[in-house]
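**Q** The structure is given below, and queries will be raised subsequently.
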Ligand code: TEU
């Protein structure tokens with residue numbers, strides 16, 4: 312039985328079909344010392360163009376004390392000297408465009424850094440009007456206890472007592488009864504989005520970067536910005552990644568996550584973007600618990616895309632993948648938005664390692680030597696297969712830097728080099744995200760594998776990076792890198808992103824789809840799981856995630872593999 316899951320689209324705006332490559336600037340390439348920078352990115356634009364991606368999303372490069380690797384912004388209009396200058400950012404935007412690449416920058420509106428001038432003014436004086444721009448509240452029990460019981464995503468309480476800060480320099484600070492809200496680290500105070508000044512400031516920040524030519528924004532914690540102003544207690548378990556909660560059904564929804572009022576903000580922003588035409592886009596990072604809720608973020612007058620984390624967290628099994636793909640397409644089609652397909656980012660264990668664990672799905676927050684070690688061979692094959700499927704699906708595909716090299720997670724980082732606040736705030740119970748943020752290997756026989764010109768790297772790289780370095784893979788026709796290049800070239804040539812998608816045989820132990828587009832032959836896409844399957848006689852293979860025998864009468868696709876073919 313064949314079922315239509317998604318109709319063919321007319322050619323549309325770039326973001327409806329793009330492969331978007333995430334650059335984590337600290338770890339991509341460095342023209343200087345141990346930390347990556349914008350000139351490093353500029354030096355590798357040719358590589359990215361050759362890879363065949365359409366757009367780059369850069370994690371934050373703004374002025375920041377780097378308490379959360381730049382997701383703690385002290386000045387939204389200034390490039391941190393660690394990454395370069397504003398002139399470098401403008402050069403990057405222009406040169407990326409010359410290479411045919413769009414640029415998406417990260418926007419972190421839920422919180423600022425504690426070094427932001429607003430927060431510094433708020434700390435300095437309990438009567439400062441800047442306190443209203445954040446969530447300062449008197450503590451309970453004469454200031455001894457936090458205003459409510461909320462927990463930080465990174466561990467511990469979500470409130471910090473002003474008087475405990477050594478830098479709260481106002482004359483009255485020692486007696487300051489107030490606490491401030493930080494849903495993430497204490498260095499990341501949450502902004503008060505009910506305040507018109509906050510709203511106005513971010514509209515201006517959007518314009519600032521739009522005027523410099525960026526093609527869009529990735530919006531951090533897009534589901535967190537509005538809080539119930541009553542700040543009621545709420546301490547049920549809420550998994551930030553899956554959005555799942557164990558709160559009983561009769562409990563009110565979370566007072567801090569996914570409040571309906573967030574959508575008003577995105578409508579305002581959409582008006583700003585629309586002033587610049589219909590080619591600039593916003594993508595929501597919103598960890599919400601069902602895809603219909605996610606679809607609300609991409610209604611016609613809100614954002615353009617939302618990260619599809621259901622795909623990322625789906626266990627690697629046929630039923631989970633099948634239902635996630637169906638539901639994702641249905642939910643996004645219902646609001647006219649492209650579906651996105653996300654497998655990795657800078658917050659989760661790399662796909663090669665994650666998919667090699669006994670239990671697949673979202674995976675742990677980091678892997679250490681004493682933890683279960685993945686079967687890297689199996690994880691590698693599954694990661695390639697999942698990406699080959701991903702590139703075939705209609706909509707927009709996200710790829711995290713280094714996935715195209717088949718990089719594993721660094722699973723032996725010594726604790727003393729870790730920087731993720733989640734590691735510290737959980738007192739080491741979670742390893743945290745440093746293992747997926749290790750600087751990329753470019754040249755196998757250079758110090759830091761060619762990551763930096765000085766040979767330094769802010770995190771140590773595992774030995775396995777040597778043979779995975781880009782220069783080795785470039786030279787090897789059968790490398791992972793060349794597979795990805797071929798994959799993206801075929802996706803583009805065959806317009807897979809705008810084709811109709813049919814599901815064939817919803818009972819099989821493997822996935823089987825047909826991509827259909829007026830004017831070209833049907834492309835069949837198969838993803839196997841535990842069992843091998845055979846292709847029909849005479850099938851012409853276009854893309855395969857791993858080597859298997861072709862040309863014989865019977866072509867067998869092994870387990871954990873994906874293939875595109877024409878019958
Ligand atoms: O992440 C949102 C988020 O809450 C999770 O991805 C979280 O970081 C994860 O559960 C691990 O603890 C965004 C950014 O992607 C992330 O890098 C930032 O740390 C976070 O917001 C705060 O800005």
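Numbering (this note's numbering), first residue to last: 312 to 878. We treat Cβ as the ideally placed atom computed from N, Cα and C, and that holds for glycine. Computed from a prediction, not measured in an experiment: that's the story for all the values here.
Would you call the region 697-713 and the region 754-774 touching, i.e. three or more CB-CB distances under 8 Å?
**A** no
**Q** Indicate, with yes or no, if ligand 1 has a heavy atom lying under 7 Å from the CB of residue 827.
**A** no
**Q** How many angstroms separate the CA atom of residue 416 from the CA atom of residue 330?
**A** 15 Å
**Q** For the alpha helix (DSSP H) containing residue 673, name the first residue and the last one.
**A** It is not in any alpha helix (DSSP H) - residue 673 carries neither H nor E in the DSSP assignment.
**Q** Determine the direct distance from the alpha carbon of residue 589 to that of residue 324, and round the result to whole angstroms.
**A** 8 Å
**Q** Buried or exposed: where does residue 547 fall if 16 or more other Cβ atoms within 10 Å of its Cβ makes it buried?
**A** exposed
**Q** Between which two residues does the alpha helix (DSSP H) carrying residue 639 extend?
**A** 629-646
**Q** So who's on the other strand from residue 341, going by DSSP bridges?
**A** Under DSSP, the beta-bridge partners assigned to residue 341 are 763.
**Q** Would you list, in sequence order, the uninterrupted beta strand (DSSP E) runs of no fewer than 3 residues that lie entirely inside the region 460-540?
**A** List check, beta strand (DSSP E) in window: 470-472, 489-492, 527-530.
**Q** Mind checking residue 947: buried by the 16 CB within 10 Å criterion, or exposed?
**A** A question about residue 947 goes unanswered here, because the residues of the chain that appear run from 312 up to 878.
**Q** So is residue 312 buried or exposed if we call it buried at 16+ other beta carbons inside 10 Å?
**A** exposed
**Q** Just checking residue 698 against ligand 1 - is the residue's beta carbon closer than 7 Å to any of the ligand's heavy atoms?
**A** no
**Q** Once the 5 residues before and after residue 860 are set aside, which same chain residues still bring their CB inside 8 Å of it?
**A** Counting only Cβ-Cβ distances below 8 Å, and skipping sequence neighbours, we find 866, 867.
**Q** Sorry if obvious, but does the Cβ on residue 596 come closer than 7 Å to a heavy atom of ligand 1?
**A** yes
**Q** Run the CB neighbour count on residue 519, radius 10 Å, all protein chains shown included, and call it buried at 16 or more, exposed below.
**A** exposed
**Q** In terms of residue numbering, what span does the beta strand (DSSP E) encompassing residue 447 cover?
**A** 447-449
**Q** Following a CB-centred definition, is residue 749 positioned closer than 7 Å to any heavy atom of ligand 1?
**A** no
**Q** Does the beta-carbon of residue 628 have 16 or more other beta-carbons within 10 angstroms, so that it is buried, or is it exposed?
**A** Exposed, by the Cβ-count rule.
**Q** Going by beta-carbon coordinates alone, are residue 706 and residue 664 separated by less than 8 Å?
**A** no
**Q** Please report how far the alpha carbon of residue 603 lies from the alpha carbon of residue 688, in whole angstroms.
**A** 36 Å
**Q** What does DSSP give as the partner residues of residue 867 in its beta bridges?
**A** 845
**Q** Just tell me which of 669, 560, 610 has its CA closest to the CA of residue 576.
**A** 610
**Q** For residue 426, which option in 381, 363, 701, 394 has the closest C-alpha, if you only look at C-alpha atoms?
**A** 381
**Q** Please classify residue 377: does DSSP put it in a helix, a strand, or coil?
**A** Of the three classes helix, strand and coil, the one that applies to residue 377 here is coil, per DSSP.
**Q** For ligand 1, any of its heavy atoms closer than 7 Å to the Cβ of residue 872?
**A** no
**Q** Taking the alpha-carbon of residue 805 as reference, which of 661, 874, 828, 783 has the nearest alpha-carbon?
**A** 828
**Q** Measure from the alpha carbon of residue 370 to the alpha carbon of each residue in 414, 701, 789, then state which is nearest.
**A** 414
**Q** With a cut-off of 8 Å, do at least 3 Cβ pairs link the region 763-775 to the region 326-345?
**A** Yes, the region 763-775 is in contact with the region 326-345.
**Q** Give me the Cα-Cα distance between residue 463 and residue 787, rounded to the nearest whole angstrom.
**A** 46 Å
**Q** May I ask you to report which of helix, strand or coil DSSP gives residue 793?
**A** helix
**Q** Out of 851, 848, 822, 849, state which residue places its alpha-carbon closest to the alpha-carbon of residue 872.
**A** It is 822 whose Cα lies nearest to the Cα of residue 872.
**Q** Using the three-state DSSP reduction, which class does residue 419 fall into: helix, strand or coil?
**A** coil
**Q** Whole angstroms is fine: what's the gap from residue 608's alpha carbon to residue 534's?
**A** Between residue 608 and residue 534, the C-alpha separation is close to 9 Å.
**Q** How many angstroms separate the CA atom of residue 374 from the CA atom of residue 399?
**A** 14 Å
**Q** Tell me which same chain residues have a C-beta within less than 6 Å of the C-beta of residue 461, skipping the five on either side of it?
**A** 469
**Q** For the putative contact between residue 712 and residue 339, defined by C-beta atoms under 8 Å, what is the C-beta separation to the nearest angstrom?
**A** The C-beta separation of residue 712 from residue 339 comes to about 6 Å, placing the pair in contact by the 8 Å criterion.
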